[in-house]
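Engineer:
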Amino acid sequence: MRTIYPLSESKDTFLDRLGARMAARLQTQTLGYEPYTPSDQETLARTLRPGDVLLIEGNQKVSAAIKYLTQSTWSHAAFFAGDQMPLTLDQATLPVIERPQLIEVNIGEGCIAVPLKKYASFNTRICRPVALTPDDRSALVGFMISRLGMKYDLKNILDMLRYFMPAPPVPVRWRRRLLAFGSGDPTRAICSTLIAEAFEQIRYPILPEVTRAPGRASATSTYSREEILHIRHYSLYTPRDFDLSPFFSIVKPTLEFGFDYKRLRWNGD
Numbered sequence: 307m308r309t310i311y312p313l314s315e316s317k318d319t320f321l322d323r324l325g326a327r328m329a330a331r332l333q334t335q336t337l338g339y340e341p342y343t344p345s346d347q348e349t350l351a352r353t354l355r356p357g358d359v360l361l362i363e364g365n366q367k368v369s370a371a372i373k374y375l376t377q378s379t380w381s382h383a384a385f386f387a388g389d390q391m392p393l394t395l396d397q398a399t400l401p402v403i404e405r406p407q408l409i410e411v412n413i414g415e416g417c418i419a420v421p422l423k424k425y426a427s428f429n430t431r432i433c434r435p436v437a438l439t440p441d442d443r444s445a446l447v448g449f450m451i452s453r454l455g456m457k458y459d460l461k462n463i464l465d466m467l468r469y470f471m472p473a474p475p476v477p478v479r480w481r482r483r484l485l486a487f488g489s490g491d492p493t494r495a496i497c498s499t500l501i502a503e504a505f506e507q508i509r510y511p512i513l514p515e516v517t518r519a520p521g522r523a524s525a526t527s528t529y530s531r532e533e534i535l536h537i538r539h540y541s542l543y544t545p546r547d548f549d550l551s552p553f554f555s556i557v558k559p560t561l562e563f564g565f566d567y568k569r570l571r572w573n574g575d
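Per this note's numbering: the sequence shown = residues 307 to 575.
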């Protein structure tokens, strides 16, 4: 189940139809995917907090290209809005894992809300921004909710073609730039860029470039070594950047509520 918010009407053109067919092809699932340790959905729901970023190891055709270009396990990212998501009366009565509490961006669908249940059979990882103020957390969630229903232009066919090459012959140093190359609309379909834009609005760092303040490179005091953080443009961020960021903690649901290895049952016991 997913929630798609109303979109503005637009005239359906040949390029729109062709783009929609390409998007559908990119979203088809690959065969043979098996998660190593998918999280229990009820425990995942208890662990997530508004503002968390949920990384997903996708199994779509577009996922293979993103994994290759970013050299990462994670090909998709979703933003957890939790109970702050506006729900209909019918949705509010659903079990927690079936309520649309995640906000994500998909090729062809744009920005939509989906339930945790969608990723019940996938490897996932929770990345949590540390020490968010209540105001900034509300601003984050509000920004993402305001983007629901945003539809991305599918007429940029050349931009989408990059995802049909699971292993394009591109040098490592250019792969991130390949994701940001072109018009930028299909680029946002890798989902992490919209989330990065939300954090940029509140000036929360993900992987900033760091430069020393002029004249202080050789200073010894902590105050004198104050660094200037330059937030990179959000279009360059990929799902794995939230995993690599020193400013996001990695939260593992199985450890959050009292893991005791002595209580595990092993074959042969």
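All C-beta atoms in this analysis are idealised placements derived from N, C-alpha and C, irrespective of residue type, glycine included.
Inspect the beta-carbon positions of Phe554 and Pro435 and report whether they are closer than 8 Å.
Structural biologist: Working through the sequence shown from its first residue, we reach residue 554 at position 248. Working through the sequence shown from its first residue, we reach residue 435 at position 129. In this structure, Pro435 lies closer than 8 Å to Phe554 by Cβ.
Engineer: Hey, Leu354 and Ile432: beta-carbon distance below 8 Å or not?
Structural biologist: Within the sequence shown, residue 354 is the residue found at index 48, counting from 1. Within the sequence shown, residue 432 is the residue found at index 126, counting from 1. Contact flag set, yes.
Engineer: For chain C, check one thing: does any of its Cβ atoms lie closer than 8 Å to the Cβ of Leu393?
Structural biologist: In the displayed structure, chain C is absent; only one protein chain is listed.
Engineer: Hey, would you say Thr430 sits closer than 8 Å to Leu375, going by beta carbons?
Structural biologist: Stepping through the sequence shown from its first residue, residue 430 is reached at position 124. Stepping through the sequence shown from its first residue, residue 375 is reached at position 69. No. Outside cutoff.
Engineer: Run through DSSP, which three-state label would Pro594 get?
Structural biologist: With the chain running from 307 to 575 in the structure shown, residue 594 is simply not present.
Engineer: Alpha carbon to alpha carbon, what distance is there between Leu350 and Phe565?
Structural biologist: Numbered from its first residue, the sequence shown carries residue 565 at position 259. Numbered from its first residue, the sequence shown carries residue 350 at position 44. So the two alpha carbons sit approximately 14 Å from each other.
Engineer: Considering only residues of the same chain and omitting the five flanking positions on each side of Ser378, which have a CB-CB separation below 6 Å?
Structural biologist: Here the question's residue 378 lines up with position 72 in the sequence shown. So the list reads Arg546, once near-sequence residues are dropped.
Engineer: The alpha helix (DSSP H) with Arg443 in it runs from where to where?
Structural biologist: Looking up residue 443 in the sequence shown gives position 137. Per DSSP, Arg443 belongs to the alpha helix (DSSP H) from Pro440 to Ser452.
Engineer: Of the residues Gln390, His382, Gly357 and Gly414, which one's Cα is nearest the Cα of Arg331?
Structural biologist: The count along the sequence shown starts at 1 and reaches residue 331 at position 25. Nearest option by C-alpha distance: Gly414.
Engineer: In three-state DSSP terms, what is Glu506?
Structural biologist: By 1-based counting over the sequence shown, the position of residue 506 is 200. Note: Glu506 maps to helix in three-state DSSP.
Engineer: Kindly indicate which residue of Asn365, Arg453, Leu395 and Trp380 has the alpha-carbon position closest to the one of Leu408.
Structural biologist: In the sequence shown, counting from the first residue as 1, residue 408 sits at position 102. The option with the nearest alpha carbon to Leu408 is Arg453.
Engineer: From Gly416, Arg327, Asn365 and Leu550, pick the residue whose C-alpha is nearest to that of Cys497; which is it?
Structural biologist: Here residue 497 corresponds to residue number 191 of the sequence shown, with the count starting at 1. If we check each option's Cα against that of Cys497, Gly416 comes out closest.
Engineer: Excluding sequence positions up to five away, which residues of its chain have a Cβ less than 6 Å from the Cβ of Ala384?
Structural biologist: In the sequence shown, residue 384 corresponds to position 78, counting from 1. Once the five neighbours on either side are set aside, the close Cβ partners of Ala384 are Leu360, Leu408 and Glu410.
Engineer: The beta strand (DSSP E) that contains Arg431, what's its start and end?
Structural biologist: In the sequence shown, the residue the question calls residue 431 occupies position 125. Unbroken beta strand (DSSP E) run through Arg431: Thr430 to Pro435.
Engineer: Report all residues from its chain with a CB closer than 6 Å to the CB of Gln507; omit the five preceding and five following residues, and keep chain order.
Structural biologist: As a position in the sequence shown, residue 507 is number 201, starting the count at 1. Correct list, in chain order: Phe449.
Engineer: Please list the terminal residues of the continuous beta strand (DSSP E) segment that includes Leu570.
Structural biologist: Taking the first residue of the sequence shown as 1, we reach residue 570 at position 264. Counting along the chain, Leu570 falls outside any beta strand (DSSP E), and DSSP gives it neither H nor E.
Engineer: Looking at C-alpha atoms only, which residue of Thr439, Thr394, Met391 and Thr560 is the closest neighbour of Arg509?
Structural biologist: Against the sequence shown, residue 509 aligns to sequence position 203. Minimum Cα distance to Arg509 is reached at Thr439.
Engineer: Please state whether DSSP places Gln335 in a helix, a strand or coil.
Structural biologist: Looking up residue 335 in the sequence shown gives position 29. In this structure, Gln335 counts as strand in the three-state DSSP scheme.
Engineer: Taking the alpha carbon of Met328 as the reference point, which residue from Asp549, Leu500, Asn412 and Pro511 has its own alpha carbon closest?
Structural biologist: Residue 328 sits at position 22 when you count from the first residue of the sequence shown. Ranking Asp549, Leu500, Asn412 and Pro511 by Cα distance to Met328 puts Asn412 first.
Engineer: Which class does Ile512 belong to by DSSP, given the choice of helix, strand or coil?
Structural biologist: As a working mapping, residue 512 is identified with position 206 in the sequence shown. Coil, per DSSP.
Engineer: CB-CB under 7 Å to Arg550, same chain, minus the five flanking residues each way: which ones, in chain order?
Structural biologist: Walking along the sequence shown from the start, residue 550 turns up at place 244. In the sequence on display, residue 550 carries Leu and not Arg. Result list for Leu550: Leu513, in chain order.
Engineer: Pick out whichever of Gln335, Gln397 and Ile501 has its Cα sitting closest to the Cα of Ser541.
Structural biologist: Reading the sequence shown from its first residue, position 235 is the one you call residue 541. Minimum Cα distance to Ser541 is reached at Ile501.
Engineer: Could you tell me which residues DSSP pairs with Phe385 in its beta bridges?
Structural biologist: In the sequence shown, counting from the first residue as 1, residue 385 sits at position 79. DSSP output for Phe385 lists Val359 and Ile409 as bridge partner(s).
Engineer: Going by CA-CA distance only, name the one from Ala370, Arg352, Tyr543 and Phe320 that's closest to Leu561.
Structural biologist: Residue numbering aside, residue 561 sits at position 255 when the sequence shown is read from its first letter. Nearest of Ala370, Arg352, Tyr543 and Phe320 to Leu561, Cα basis: Arg352.
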